[in-house]
Every structure is written in structure tokens, then in C-alpha cells.
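Since the structure comes first, as C-alpha cells, the remarks are kept for the end.
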Amino acid sequence: MKNLPKAISLSFVALLLTCLLPIISGYAQAQAPAPDSPAIEAQARAMVARLTLEQKIELIGGVDSMFTHAMPAIGLPRFKMSDASVGVRTWGPTTAYAGGVALAATWDTDFARTLGEGLGRDARARNVNFLLGPGVNIARSPIGGRNFEYLSEDPYLNATIVVPFIEGVQSQGVVATTKHYALNDQEFDRHNASSDVDERTMREIYLPAFEAAVTKAHVDAVMNSYNLLNGVHATQNEFLNLKVLKGDWGFKGVLMSDWDATYDGVAAANNGLDLEMPSPRFMNAKNLVPAIKDGRVQESTIDDKVLRLIRTELRYGFTDRPQFDPADSTYSVADRAVALQGALKSITLLKNEDHLLPLDPAKIKTIAIIGPDAWPAVPGGGGSSEATAFEPVSTVTGIANLLGPNVHVLYSRGLPDMTDVFDGTLWDGDVKVETFPSRDFTGTPVVAARRGISDWKPDQWGPEDPTPRSIRYTVAYKAGQAGKYLLIAAGSGEDAFKVFVDGKQLLDQVHAEGQVPQYTSIDLAAGQSVSLRADYLPRAAGSRFGFGLAYEPDLVSADAKQFASLADVVVLAIGFDPATEGEGHDRTFTLPWGQDALVEAVAAANPHTIVTLTGGGGMDVRRWIDKVPALLHTWYPGQEGGTAVAEVIFGKHDPEGKLPISFDRAWQDSPSAPYYYGVAGGDTTLHTIGDNGNPLDYTMTHIQYGDKLMVGYRYWTTEGKHPLFPFGFGLSYTSFGFDHLQAPATAASGSTVPVSFDVTNTGSVEGAEVAQLYVSDPSAKAMRPERELKGFAKVRLAPGETKHITLDLDARAFSYWDESAHKWTIDPGRFVILVGDSSENTPLHAELTLN
Ligand code: BGC
141 MKNLPKAISL SFVALLLTCL LPIISGYAQA QAPAPDSPAI EAQARAMVAR LTLEQKIELI
201 GGVDSMFTHA MPAIGLPRFK MSDASVGVRT WGPTTAYAGG VALAATWDTD FARTLGEGLG
261 RDARARNVNF LLGPGVNIAR SPIGGRNFEY LSEDPYLNAT IVVPFIEGVQ SQGVVATTKH
321 YALNDQEFDR HNASSDVDER TMREIYLPAF EAAVTKAHVD AVMNSYNLLN GVHATQNEFL
381 NLKVLKGDWG FKGVLMSDWD ATYDGVAAAN NGLDLEMPSP RFMNAKNLVP AIKDGRVQES
441 TIDDKVLRLI RTELRYGFTD RPQFDPADST YSVADRAVAL QGALKSITLL KNEDHLLPLD
501 PAKIKTIAII GPDAWPAVPG GGGSSEATAF EPVSTVTGIA NLLGPNVHVL YSRGLPDMTD
561 VFDGTLWDGD VKVETFPSRD FTGTPVVAAR RGISDWKPDQ WGPEDPTPRS IRYTVAYKAG
621 QAGKYLLIAA GSGEDAFKVF VDGKQLLDQV HAEGQVPQYT SIDLAAGQSV SLRADYLPRA
681 AGSRFGFGLA YEPDLVSADA KQFASLADVV VLAIGFDPAT EGEGHDRTFT LPWGQDALVE
741 AVAAANPHTI VTLTGGGGMD VRRWIDKVPA LLHTWYPGQE GGTAVAEVIF GKHDPEGKLP
801 ISFDRAWQDS PSAPYYYGVA GGDTTLHTIG DNGNPLDYTM THIQYGDKLM VGYRYWTTEG
861 KHPLFPFGFG LSYTSFGFDH LQAPATAASG STVPVSFDVT NTGSVEGAEV AQLYVSDPSA
921 KAMRPERELK GFAKVRLAPG ETKHITLDLD ARAFSYWDES AHKWTIDPGR FVILVGDSSE
981 NTPLHAELTL N
């Protein structure tokens, strides 16, 4: 087109548009789902009426991992699914966004809609009909392995963010799936853990985001979780599925199982599950036809499931139009901009001593960018949400791009790879390897000698080895110099191990669905000898075990220390990644191995060390937080994270993220810690099917949610104690003032109460503030948390600008769940409205009496 005369090229474009317009507008009209209507209902019922019982049962089980079942007899093709909240995974490279906890850190409902629309477009461009997100479980504990995929610790924030997000996805003609319903707030032993929770705690903390998804956003699919609730698996839980979801909230869409989260076909069929994914292991003809014949399951129950599926598919027009929309792109420049926006809006500045930030690029000649998360980029965590970005921007490339060719950029990872630690361990003599013909180190072992223990393979899953084996490694180590030594071990897949030093057990990896390297620090004197034993239980054939010991000061590479001392400033990128934080296992609260030592060494070499954190929540920064002047949480920032980090550090964008979690000092400080691992129940029911089809030796674990309503800041503010950084907190390069709070002195219970106030940018650069409104109910008859978030608004202000904000508090803002009446209730009397910029800083107060 470049060489054509302008007039010709313009008329060509006009012609092209004239030809394409009917098609494009046809797609545009077809996008948002139609409301349910008598015509759709009649069509769906007519389709179901043409099916045999066996055909109906076929339709309620998935196929080929990510599809619904086709039914050519009624003109129904199969429909495609994909994960999920941070990018449309599963079907090749995609745009990877700052989703999940990063989205919550934006506190930006407009952006939530924009992100939902982006994901919807990406799904359409890959012919995807069902997006398997958003995940809205509560960040009850900082070690929850999938917190990064979810939103926050607060039900109101989750419920408020998830509504526009779902509306955005569904506006593109893609079904959103809210998951994991419900109480899937931990990853360990997820098939067998029972979340034992009272109804009030559920209704007030763990269910509101699902409730808003259904009643406000009209989400068309919900996914049941793996875990049990009060002793009954979610997929067959009458209370969750029939009473609450389909009863109280009137959910009309499709309730699908998580992948292999169905454990009993008849119980699931009778208790609300509509679609078993990824295949009908239990809700199949073999189990259901006899149950229908002898009356244990009604055929009308199956009809209802099929109707829900077909009704939804008809409403979305899936049978009338191709899901692929020519208006969209598989590689989208527009969506890259959305990804960048998300990262910019979510990066949260936690510490900025003496206003070190923003840095002036003109004053930098040499910058050192160090750390395991500096390169390559870490757009997201691990597991089923892990989207493969086309070209993710790392911190190194983002900063280098911003600074241009005249600044020296020095990069060092700073720490060795884990395999280098295993390979590099200088044991004192050979390792004795005893392989026992049993799973408990009994019987006559085969004995061998080796130089090292370095068989580790990350994330290697294999079929369970039918030959029982246990392997014991015994070796000695002699410390060259006095100091701290890193003791580290790692298996793979479902392996288990214990490590003992001089007979004392120091590391323990139980059989689990996945694992992260286990490590600790031990103090040794110069010349001290220790004996070590590792008892390793491989689940699959062969050994995938690695084991090492290293002098901590030697872990940090010499070039990292050298570069740090040469540079004007250091950006040190540490935290988690898909190997250390992901689905199927919880993560540590301590940073991955070696990183504390790395920060200490780099901060000692350069006082201008800016630390950036990657991860799904809080982590242990106690060893060095007082030694570094600046700290930013970048969450998992998506594919444009490196650009965003650079723009924030160099002041091109004012940091505006706010903590969606309480950032604890130690994980034991979290109110859920005493209850987190629960107690093994007396139940001996085997729930999990192993790779070879046999039940694995798991029993149910009961996790008593003894922390009840006291999750995160509810606990801290009620106790009058303080975490390291409070929920809602985040610094900016400008400052904001709050003023002129207005609320009625009295109002009728159940009425909507308007509250208004002013926010002013009192600093010298443009920035965005999140005004947060908390409600206290000191005269309640029931015990209530000291304050609860009930409103917020994100405002962008030029220097000196003031905006007047009005937040309407509805009846729910003043209510609690009355356990005996089983309903929301308001105790008339005194309430306090608190407004400010975090859960702990609320300068504006007003008293209100509800009659
Ligand atoms: C995860 C779900 C996911 C599904 C399909 C499961 O392992 O728990 O969140 O949607 O896999 O990938």
C-alpha cells in the first residue's frame, strides 16, 4: 500500500471497510450474552427432549481435557475452555497480564473491567468459549500457594473487583468461571483437606465474592473446588451448591468441577454439580444409569444439568457464530498496553527512605541490576494459571530500555542455580546410598557409594513406581570456616524426604502434589564435622533427589558484590517464581534460599539498594528490611513488568498500588497460623486416585477455621497490633489530604447512607490515591471485627487538585450474619465511619446512629 497514490489507498481502505463492516458489526452484536428468554428456554428444552438418557449423561462430562462434549444429534459442537485469570493459557503464547493479587493491588474497578475485556478478546482470538477464571478465594494465610491467582484478604475488595472483571470477560461473548467454590484457601493436600468453618464466617468472609459474581455480575459458570467443606467434598456439597449457590443466590448457570475434583457420581449428581471436568470419571453412564433406574437419582436432575449447559451456550450464541472473532488478534498490541497499565497500577511502594525514589535518570551513569528475579522476566506464578507471554520484559531490559545507551547496566543473578549447589558440595568422603526394597527403610538394602547427590529434576511427574523403594543417603561434612551454612534438599513431583544433621531432623518434605526446595541455615564452627542423613521416598521410578550444603557468604557471586559496589544505584529483584510459588503446594514465607544473604551482601556493598519483590503476598523481609532504603512489591506484574518497574523507579509513573493483604513480619503472626495445617481426622476414607488408578494413602485433614472472622487486618485492628505494613497501605511520590467528611447523624436501618469527603493532592506530582472507607459497629450484639472495609474509590489528581467523593453505604455495609436467624441483620445503634488511606490510617471519623 506504501507505493499507491494516497487517493487509491484511501478508497481501497473504504472498500475494505464496506465489505468487512457487516461482518465486524455482526460479530459485535453477537458478543454479549443474551438474557434468558422464553425463546431460548423453549429451544433448549426442545434440544434436551431429543436426547436419550445416555446422551444426556455424556453431555455432563468433559472431553480432551479442555472441552465440553459434542452432541451432533442436536447440532451441538464441543466448546473450548482455557485458564484463566492472568492470561488465556493452554492454547499457545498469549498476553500475560498483572492479574490476581496484582489486580486487587490496583484497587481499580475500571481497570478490572478493562482487564476482563482484554482476557475476553484473547479468549475469542483462540476460539475459547469458557474462561476458567477468575479465582476469588481469600488470602487467609500468606503461604497459600495460589494467593497470587486470587485477589485479596478482604471480601468487600474481592466482591467489588470481581464484578466488573466478570462483566468485562462476558461482554466479549466468553463465559467467565468463578472459582474455586469454596473455601479452597490452602493448597496442601487439596483433595483431602476439609475446611471446617461456621456459617457466619463463610457468609461474611469466604462467600461474598462468589455471591457478588453470581448476583451482581451474573457469572455464567462456577467451578467447585477440590477440598471438602465441613467434611463433604465441594462437588457434592448440598449446602454450598443447592442451598447457597442455586438456592439463596439463584445461580442459573453451569456448576463445573475442578479438574478431577469429583469423588462420587451419585452424590455429585444429586448435590448440584452440572459438569464433571475434565472427563466423566464418576458422573458417567456406568454409575448414573443404574442409579436413575433404582431411583437414587432422578432423570429430571440430569435434565436440569443439560439444560443449564445448553441454555448458556444458546444465550452466548455459541451454536450460531464462530467463537473466533476477526476483529481480534492473537498477538495484540492493544492488549500489551493493558498489561502495562495493570503492572503500573499495581506496583506498591512500601518503603522510600529519604525520598530516594524516584531516581533521576540524568544522574545515573552505572546501574547494577541483580537478583534471581531480575532476568528473565517473572510474569506469573506456577501451575494452571501460568500463561506463556510472547516477549515478557524483564527488570533488566525494562530499566535498560528506559535509560538508553549512555548508562552502563551491570547484571548479575547473584546466586548460583540450585543444581550448582548440589554439584558443588564438597562432602567429606563418599555418600553411602542404601536402596531398600520397601517404603519404610526396612529389608536388606542394595548399598552403593557416590561422590554427590545431584539427581534433582524440577517438576518431574511420573507414574507411581509399583516397586516399593526407599533410599537412605549418609554422608559427612567438614566446615572449612566458621559461619552460616545453607542446608538444602529438593525432590520432585510427589516425593517425600526427611533430612537429619547429627541425628536431629531439620528438613521435612511430606508426600504432596508438588514441592518447593526445603532449606535451613545451620551454624558451624571452623573444622566442625557433622554427619548427615537423608531419607528419601521417591514416588516415581528413579531418584530425583538433590542435596547440598554451602557456606552462605560464598553463595553470593563475586560479580554481584563487585557490580553493586561500582554502581550509583542497585535494583535488586528478589522473591518467588513459578518454581517456588504455584498450584498444588503452599509456598514458604521465608524468601527462596540464598536471597536473604544476597540482600545483605548487596546492601553492604551499596547503600542505594532498591529491593523489588515478586510474589503473591507478604514474605519474610526481617533480616534486612532496616538495611535497605527502598522496597517495592511488584506482585506478579505480567509480561510488561520490567517496563513498569522502570517507569515507577524513575518517576515516569507515580506508584499507586495499595496492599490488598496485611504484610506480616512472620507467617506465625498471621491469625490463621495456629489453625492452618489442621488436624488429621479419624476419617480413613481414601479420596485421591493415584496415577495407576489406585487410591493414594491419604486421609482427610480437618482444618478448623478457628480464626473465624479475624482474617488479616480484621485481626490486627481488633487486637490493636500492627503487621509490618497494613492492609491498604502504599506510598506515593506525592501526598494526599482527606477532609470534610459528611455523613448523616441518623438514618433508618436498611436505607442507603451517602458518605462524602474531599481528597486533595497536596504534593507536587500527579498521582492516584485510594480513599478507603471502613465501618465500625461498636454497639453490635454480636462480636464484630473492629473495622471492616465497606467502600473505596480510586482518584487520580493533579498537584493541588481536590475531588469530592461520595460513597453510598447500602444495608449490607452495616450488617452481619445472624447465626441463629440464618440471615443478614443490622443491630440498630451507633456506627462509626472511618476514612483514610489504609486500614490503620483513617484520619476522618463520623458517628452515625441507625434507627
Ligand atoms: C486447577 C484449576 C484449573 C484446572 C484446569 C486445576 O488443576 O485447580 O484452577 O482451572 O486445573 O486447568
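Letter by letter, the sequence shown follows residues 141 to 991 of the working numbering. Think of the CB as a built atom: it goes at the ideal place given N, C-alpha and C, for glycine as much as any other residue.
My output table needs one value for residue i: the three-state DSSP class, helix, strand or coil.
{"i": "residue 817", "result": "coil"}
{"i": "residue 597", "result": "coil"}
{"i": "residue 278", "result": "coil"}
{"i": "residue 292", "result": "coil"}
{"i": "residue 832", "result": "Residue placement at residue 832 is poorly supported in this model, since its pLDDT is 39, which falls under 50; the coordinates still yield a value, given next. Reduced to three states, the DSSP call for residue 832 is coil."}
{"i": "residue 711", "result": "strand"}
{"i": "residue 495", "result": "helix"}
{"i": "residue 541", "result": "helix"}
{"i": "residue 195", "result": "helix"}
{"i": "residue 982", "result": "coil"}
{"i": "residue 472", "result": "coil"}
{"i": "residue 552", "result": "strand"}
{"i": "residue 364", "result": "strand"}
{"i": "residue 606", "result": "coil"}
{"i": "residue 954", "result": "helix"}
{"i": "residue 305", "result": "helix"}
{"i": "residue 528", "result": "coil"}
{"i": "residue 807", "result": "helix"}
{"i": "residue 172", "result": "coil"}
{"i": "residue 933", "result": "strand"}
{"i": "residue 284", "result": "coil"}
{"i": "residue 759", "result": "coil"}
{"i": "residue 461", "result": "coil"}
Would a C-beta distance cut-off of 7 Å place residue i and residue j closer than the cut-off?
{"i": "residue 520", "j": "residue 711", "result": "no"}
{"i": "residue 497", "j": "residue 743", "result": "no"}
{"i": "residue 754", "j": "residue 715", "result": "yes"}
{"i": "residue 449", "j": "residue 394", "result": "yes"}
{"i": "residue 748", "j": "residue 484", "result": "no"}
{"i": "residue 412", "j": "residue 382", "result": "yes"}
{"i": "residue 627", "j": "residue 738", "result": "no"}
{"i": "residue 964", "j": "residue 282", "result": "no"}
{"i": "residue 236", "j": "residue 540", "result": "no"}
{"i": "residue 269", "j": "residue 220", "result": "yes"}
{"i": "residue 479", "j": "residue 260", "result": "no"}
{"i": "residue 452", "j": "residue 360", "result": "yes"}
{"i": "residue 324", "j": "residue 367", "result": "yes"}
Just to confirm my understanding: we take residue i, look at its own chain, exclude 5 residues before and 5 after, and list those with CB closer than 8 Å. What are they?
{"i": "residue 596", "result": "558, 559, 562, 630, 631, 632, 684, 685, 686"}
{"i": "residue 569", "result": "615, 616"}
{"i": "residue 491", "result": "765, 768, 769, 770, 771, 871"}
{"i": "residue 583", "result": "576, 577"}
{"i": "residue 897", "result": "878, 879, 880, 881, 882, 911, 944, 945, 975, 984"}
Leaving out five residues on either side along the sequence, give the residues of the same chain with a beta carbon under 6 Å from the beta carbon of residue i.
{"i": "residue 416", "result": "201, 397, 402, 423"}
{"i": "residue 239", "result": "225, 226"}
{"i": "residue 170", "result": "Here residue 170 scores only 41 on pLDDT, less than 50, and its place in the model should not be relied on; the value that follows carries that caveat. Closer than 6 Å at the Cβ level, and outside the excluded window around residue 170, lie 457, 461."}
{"i": "residue 146", "result": "Residue placement at residue 146 cannot be trusted, given a pLDDT of 35 that sits under 50; what the coordinates show is reported in the next sentence. There are no such residues."}
{"i": "residue 174", "result": "455"}
{"i": "residue 418", "result": "202, 205, 399"}
{"i": "residue 124", "result": "The structure shown does not extend to residue 124, since the chain spans only 141 to 991, so no value can be given for it."}
{"i": "residue 273", "result": "224, 225"}
Quick one: residues in its chain with C-beta nearer than 7 Å to the C-beta of residue i, no 5 flanking neighbours on either side, listed in chain order?
{"i": "residue 624", "result": "661, 663, 692"}
- Message: Does the region 394 to 410 come into contact with the region 169 to 184, if we say contact requires no fewer than three beta-carbon pairs (one atom in each stretch) closer than 8 Å?
- Response: no
- Message: Considering only heavy atoms of the ligand BGC and the C-beta of each residue, which residues fall inside 5 Å, strictly closer?
- Response: 223, 272, 398, 399, 524
- For the 8 Å Cβ check, are there 3 or more pairs between the region 861 to 878 and the region 975 to 984? yes
- Message: Could you check whether the region 454 to 463 touches the region 304 to 319, counting it as contact only if at least three pairs of C-beta atoms, one from each stretch, sit closer than 8 Å?
- Response: yes
- Using 8 Å as the threshold, is the region 459 to 474 in touch with the region 254 to 269, meaning 3 or more CB pairs across them? yes
- Message: For the pair the region 299 to 306 and the region 350 to 358, tell me if three or more CB-CB distances fall below 8 Å.
- Response: yes
- Query: Does the region 785 to 800 come close enough to the region 506 to 517 that 3 or more CB-CB pairs lie under 8 Å?
  - Reply: no
- Within the chosen definition, does the region 642 to 655 reach the region 720 to 727 through at least 3 CB pairs nearer than 8 Å? yes
- Query: Three or more beta-carbon pairs under 8 Å between the region 953 to 967 and the region 333 to 352, yes or no?
  - Reply: yes
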